[in-house]
Amino acid sequence: MAIPDYLSANFQTLLRAAGDGNLALMECQDAASGEPRYVICAVGREEGAYLMIPFGHLAEGNPYDAYRPPI
1149 MAIPDYLSAN FQTLLRAAGD GNLALMECQD AASGEPRYVI CAVGREEGAY LMIPFGHLAE
1209 GNPYDAYRPP I
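Heads up: the sequence shown is residues 1149 to 1219, going by the working numbering.
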């Protein structure tokens, strides 16, 4: 299974942010359920303001139960 180009590009952005020390973990609200989510964000700057660019949230519980590895 091939990973789409846009996801590979996002992953490279995430790696650059990590290498530059520009990652944050933020508590946010799930837009559908209102439940708290802990979101990994890249931190950027625009016109002196900080921008938080969400990449994904941390899995609750045991992530091994939530995902199946590729075959």
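Glycine included, C-beta positions come from ideal geometry on N, C-alpha and C.
- Taking 8 Å as the cut-off, the beta carbon of residue 1190 is found no closer than this to the beta carbon of residue 1155.
- Here DSSP, grouped into helix, strand and coil, assigns residue 1185 to strand.
- With fewer than 16 other Cβ atoms inside 10 Å of its own Cβ, residue 1214 counts as exposed.
- In the displayed model, residue 1193 falls within a strand according to three-state DSSP.
- Burial is judged here by how many other beta carbons sit within 10 angstroms of a residue's own beta carbon; residue 1180 has fewer than 16 and is exposed.
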